[in-house]
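Before any comments, here is the structure.
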Amino acid sequence: MSPLNLFGPTRAAIEENARKPQRPVGRWMLMLLMMGVVTATAVVGRGLFGSEAVTGGDYSAVFLILLYVNLFLAITFGFLVIRHLSRLWLDRRRRLAGSQLRTRMATLFVALSLLPTLVITVLSVELLNKGVDSWFSDQVATALDHSLDVARAYYLESQRTVRHDAEDMVRNRAITSALILEGAEAVSAALEVERQARGLDEIAIFRHDGVRVAKAGDLPQETLPDLTSLTHGGVNSLLTTDDSGSLTRAYVRLGPDHFLSAGRWIDRQILAQMQTIETTYVDYNRLRDSHGLLRGSHTITLALITLLLVLAAGWSGFRIADSITDPITELVVGTRHVAEGDLSVNLPVTGDDELATLVSSFNAMTRRLAKNRTELQGANALLEDRQQFLSAIVSNISSGVISVDLQGDVALINPVAASLLELNPDDHIGRPFEEALPSALLGPLQKLLAAVDAQGAQDDDATAPGDAVNKTKLAAQAQFTRAGGDVTLLVRLTPLESARTGFIITFDDLTQVVSAQRSRAWSEVARRIAHEIKNPLTPIQLWAQRMRRRYLHRDFDGEPDWRVLDEGTESIIQQVDELKVLVDEFSTFARLPRPHLQQGDLNVTVREALQLHDAELRNVDLTTQLAEAMPAISLDPSQIKQALTNLIANAIAAADERAAKAREAGLEAQAHLAIHTFVADNGRWVGLQVADSGPGIPAEKRDQVFEPYFTTKKRGTGLGLAIVKKIVEDHNGHIRIKESRWGGALVEVSLPRAATPALESRDLSA
């Protein structure tokens, strides 16, 4: 049997056990035990069946040989069956594959062989007993008795005839006279006449000393018996036979000194038949005396043969079951290895039957699976590389990406989308996308989905089967509010090309783009307004100045006329100057020059900006916290100073306004201003914070304050913070508004340490 199904269920255990040397000690012990059983059985069988009193010599030998052969075969098959049973028991106890199938098949074979064998055995025992009983019937016994009586009567009659002839010849005068008067030759002649007349084989005359006087016929030389009884015992004749019983001699007294012997051969065929009858009679009586033992011996023999057949059938059943279950067991174990991922299994193919074909197919399957797995691993590695590549792209692109599967659940959220929508990807993966998106985005997205469905219906109607469907990307602009303010997004919805497996939602932050577009539009408006206003301002101012020079020194009829002219022209000139300031701010916003970057210290620029506001800061509680070891950064000192001046001026104005209102209400109030510089991101960024104690800016308006012409002041132009934002963005920085610790505004500016100016021209009017 292959080691694959004898040892443990793992391949390592199979190989380890296969390498172990087989130890035949147990087998030799079983063989010695079997030989001992055979020897003991032979001794007992010899005692039971070896006696000639039971079976006779030749028959007993054959019977014992057959008995020993059957017994040896029975013990051999019994050993094999016990070996198979013990192994099957161990296999079932270890729950090895195929043990239950082998048990059922072996049981089936034994059951199929046991039933007919038992039927045949019972019928054979019954028929044998009837046959043995018929052997010892009264008719057979009577016939044998009569046959023996007839044989014995014939034999005795032959002996009596010889004796009668001998006694009759003694009374023959011729023989007596010849013996007395004539010589030996005359006696022999007389004896020959009697021999032929009586049909004897020999007639002889002896003296009392044993010397033969005369003889007729030729029989083997004999030793005279003791004839004393004929001399003194009063016996008339003496009858003797040879060892074979075929020669009978009768001795009678012939006168005072002589004896006469007559001999005759009995027919050998008749004698042989007589001996056969006698032997048969003796054997028959002996068998009849051991009738029960004979029946028992034959019954035991048949039972032994039955046991031999059953054991042989059981062994054959085990062998056939093994021949069937071994390949199946190997297939089961091999399948288990394949299920565990071991595709190197190659089962041995024995024979050319259906099971061999099945094993060959299994080996071919494992080879194909191994090949397919190798190819699949290669494909998976390639897919993994592509997945990592796509993941790297999705993680590093500037657009937010959300992948939605067919069930509408979120499958992927890239970092940009998580940042834009302020989501935690782990909380939304596998959940409906409606829960991940802000409610302000659901309306535009539902419209896009409806458009996709409508487009899909049109494609299904217009596209032939098998043609590719062109899925158009749909986009919409949406706006929602988050913690940092309003955000404008461009939402794109793209159905997956694999048809009805989901869609991709991409988000692009258009807040800065929209702001830039607004700034560009307002810059164009400012340029045109400045151009249109500046043209009439100059002649108005010139004519007002000319009027003052020409008419102000003349005498007027009254003081009021002179005063009207003076105040009117002065007001015109003053308003024109204010309009020029407004026009200059428009021009500055529209034509902000490109920054000229150089290495500088932000702390130095902050100090210079504060010096410009010494007068305004006299009534303000100023707190400055400048970072130590501030690294040099790339900046345009004049533009950064202009931005800081604007921020400080706005902060002072807001703080003074709130303090003045508090004092008007009878409360003690103090205007506060704090300026703080810092270094962030391991020195890659620097920044400053300008915080005031003013009224602050509402959260929903913090993004709008950077738009042109948006102001919270009564007389503000709305261009100051817009210019500050442009300067910061030209330095590739960021600006945001928070709430200060006094409840006012906190403006935070972050600048990169190595800034690069914007490549496009800042002349937005071009």
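First residue of the sequence shown? That's 1 in full-length UniProt numbering, and the numbers climb one at a time after it.
The beta-carbon is built from N, C-alpha and C at its ideal position, and this holds for glycine as well.
CB residue i to CB residue j, shorter than 8 angstroms?
i      : j      : result
Gly744 : Asp692 : yes
Asp405 : Arg431 : no
Gln599 : Ser571 : no
Leu647 : Val690 : yes
Ile737 : Val728 : no
Lys447 : Ala417 : no
Ser750 : Gly683 : no
Met311 : Gly78  : Checking the displayed sequence, the identity of residue 311 turns out to be Leu instead of Met. In this structure, Gly78 lies closer than 8 angstroms to Leu311 by Cβ.
Ala214 : Ala166 : no
Thr677 : Lys641 : no
Gly378 : Ala106 : no
Val187 : Ile175 : yes
Ala655 : Ala643 : no
Thr569 : Ala544 : yes
Gly317 : Phe72  : no
Leu382 : Asn363 : no
Glu657 : Gly694 : yes
Leu156 : Tyr281 : no
Ile652 : His596 : no
If you run the structure through DSSP and keep just helix, strand and coil, what is residue i?
i      : result
Gln639 : helix
Gly57  : Unreliable placement is indicated for Gly57, whose pLDDT of 48 sits below 50; no coordinate value is reported for it.
Asp509 : strand
Leu597 : coil
Trp742 : coil
Gln477 : strand
Asp257 : coil
Leu489 : strand
Thr276 : helix
Gln689 : strand
Ser323 : helix
Ile203 : strand
Glu567 : helix
Asp577 : helix
Glu157 : helix
Ile735 : strand
Leu6   : Reliability fails at Leu6, whose pLDDT of 34 lies under 50, so the model's placement of it is uncertain and the value that follows must be treated cautiously. Looking at Leu6 - three-state DSSP - the assignment turns out to be coil, as it is neither helix nor strand.
Ile397 : coil
Among the options, which residue has its Cα nearest to the Cα of residue i?
i      : options                        : result
Leu622 : Ala643, Ala674, Leu118         : Ala674
Arg492 : Gly255, Leu474, Gly443         : Leu474
Pro220 : Val119, Val150, Ala262, Val724 : Ala262
Gln574 : Ile540, Pro595, Asp91, Ile328  : Ile540
Val150 : Arg83, Glu278, Gly378, His428  : Glu278
Asn172 : Glu657, Thr494, Glu194         : Glu194
Ser398 : Pro415, Ala478, Glu664, Glu616 : Pro415
Ile393 : Ile413, Gly217, Gly568         : Ile413
Glu302 : Ala143, Asp352, His164, Leu127 : The sequence shown places Leu at residue 302, rather than the Glu named in the question. When each option's Cα is compared against that of Leu302, the closest is Leu127.
Asp681 : Leu382, Leu123, Ala754         : Ala754
Phe433 : Val747, Ile504, Thr335, Leu721 : Ile504
Ile120 : Thr299, Thr325, Asn619, Gly217 : Thr299
Ser158 : Leu118, Ala250, Glu192         : Ala250
Suppose the cutoff is 8 angstroms on Cβ atoms and the five residues either side in sequence are ignored; what does the same chain contact list for residue i look like?
i      : result
Leu420 : Gly400, Val487, Leu489, Phe507, Asp509
His258 : Leu179, Ile205, Phe206, Arg207, His208, Val213
Ala40  : Here Ala40 scores only 49 on pLDDT, less than 50, and its place in the model is too uncertain to base an answer on.
Gln273 : Ala151
Pop quiz: residue i and residue j are said to be a contact at Cβ under 8 angstroms. What is the actual Cβ separation, rounded to whole angstroms?
i      : j      : result
Ala74  : Leu307 : 5 angstroms
Leu369 : Leu343 : 5 angstroms
Thr248 : Arg264 : 6 angstroms
Thr366 : Val338 : 6 angstroms
Gly733 : Asn650 : Contact flag wrong, Cβ pair sits at about 18 angstroms.
Ala627 : Val679 : 5 angstroms
Glu435 : His428 : 7 angstroms
To which residues of the same chain is residue i closer than 6 angstroms at the C-beta, ignoring the five residues directly before and after it?
i      : result
Pro438 : Phe480
Ala321 : Arg102, Met105, Ala106
Glu202 : Gly217, Leu219, Gly263
Ser113 : Ala313
Arg663 : Ala669
Val125 : Thr299, Leu302
Residues in its own chain within less than 7 angstroms of residue i by CB, not counting five upstream and five downstream?
i      : result
Pro425 : Ile413, Ala418
Arg11  : Bear in mind that the predicted position of Arg11 carries a pLDDT of just 38, short of 50, making it unreliable; the figure below should be weighed with that in mind. Same-chain partners within the cutoff: His337, Asp342.
Arg23  : For Arg23, the pLDDT reaches just 44, beneath the cut-off of 50, and the residue's location in the model is therefore unreliable, although a value from the coordinates is still provided. Contacts found: none.
Ser246 : Trp265, Ile266, Arg268, Leu271
Is residue i close to chain B? Criterion is C-beta to C-beta, closer than 8 angstroms.
i      : result
Thr506 : Included in the structure is just one protein chain, with no chain B present.
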